[in-house]
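Single-structure report; data block below.
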Amino acid sequence: MTDTHIDAHGHGQAHAGPKHPYHLVDPSPWPIVGSIAAGSLAAGAVLFMHGYGWWLMAIGFIAVLATMAVWWRDVIREATFEGLHTPVVQLGLRYGMALFIASEVMFFSAFFWAFFSSALFPAEGVWPPKGIHPFDPFEFP
2 MTDTHIDAHG
12 HGQAHAGPKH
22 PYHLVDPSPW
32 PIVGSIAAGS
42 LAAGAVLFMH
52 GYGWWLMAIG
62 FIAVLATMAV
72 WWRDVIREAT
82 FEGLHTPVVQ
92 LGLRYGMALF
102 IASEVMFFSA
112 FFWAFFSSAL
122 FPAEGVWPPK
132 GIHPFDPFEF
142 P
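Residue numbers (our numbering): 2 to 142.
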């Protein structure tokens, strides 16, 4: 009798290990839980700014922190105890983090470039530009 492993798609394999060095993650509830928590935090911030109290914002903030904690707990468990982060996966994580940091550098460079460009060298912008006669929005054109 052979040791046959049946994968999630119903295909049998003669061995229990995958034929690739990648980690295929299991379905996780944390993305939807995190999005609900972030939505609660945003809605709570809006309600707080309109004078309806701080309770929903606090609940949303705590829920976001809790979601981050349990999500990273799962990632650490997969990496250390289950040993699913192979060298190829670790290299991909490093590349992903490097690209994320590079994109943040580019975003903030562009943001501050535009800010200081408009602050230090104003174009004396007037709206509407000279020579343009706009329609009055309170009457028919």
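Note that the Cβ used here is the ideal one computed from N, Cα and C, for glycine as well.
Note that this is a predicted model, so its numbers are computed, not measured.
Is any heavy atom of the ligand PLP found at a distance shorter than 7 Å from the C-beta of residue i?
{"i": "Ile133", "result": "Summarising the ligand content, the structure contains no ligands, and the ligand PLP is consequently not present."}
Label residue i either buried or exposed according to how many other C-beta atoms from any shown protein chain fall within 10 Å of its C-beta, with 16 as the threshold for buried.
{"i": "Ser41", "result": "buried"}
{"i": "Gly45", "result": "buried"}
{"i": "Met50", "result": "exposed"}
{"i": "Met58", "result": "buried"}
{"i": "His24", "result": "buried"}
Quick one, which of the options has its alpha-carbon nearest residue i's?
{"i": "Val76", "options": "Ala64, Gln91, Ile63", "result": "Gln91"}
{"i": "Pro28", "options": "Ala46, Pro138, Trp72, Phe122", "result": "Trp72"}
{"i": "Arg78", "options": "Val26, Met107, Ala120, Phe122", "result": "Val26"}
Near residue i, what residues of its chain come up, given a Cβ to Cβ distance below 8 Å and the 5 sequence neighbours on each side ignored?
{"i": "Ala38", "result": "Gly61, Ala64, Val65, Ala67, Thr68"}
{"i": "Pro22", "result": "Thr87, Pro88, Val89, Val90"}
If you drop the 5 nearest sequence neighbours on each side, which residues of the same chain put their C-beta closer than 7 Å to that of residue i?
{"i": "Pro19", "result": "none"}
Item to check | Touch test, the region 22 to 40 against the region 59 to 73, Cβ-Cβ under 8 Å, three pairs minimum | outcome: As far as the Cβ criterion goes, the region 22 to 40 touches the region 59 to 73, which means the pair count is three or higher.
Next on the checklist: Below 8 Å, how does it come out for the region 55 to 64 and the region 87 to 102: are there three or more Cβ pairs, yes or no?
Outcome noted: In short, these stretches do not touch, since the Cβ pair count stays below three.
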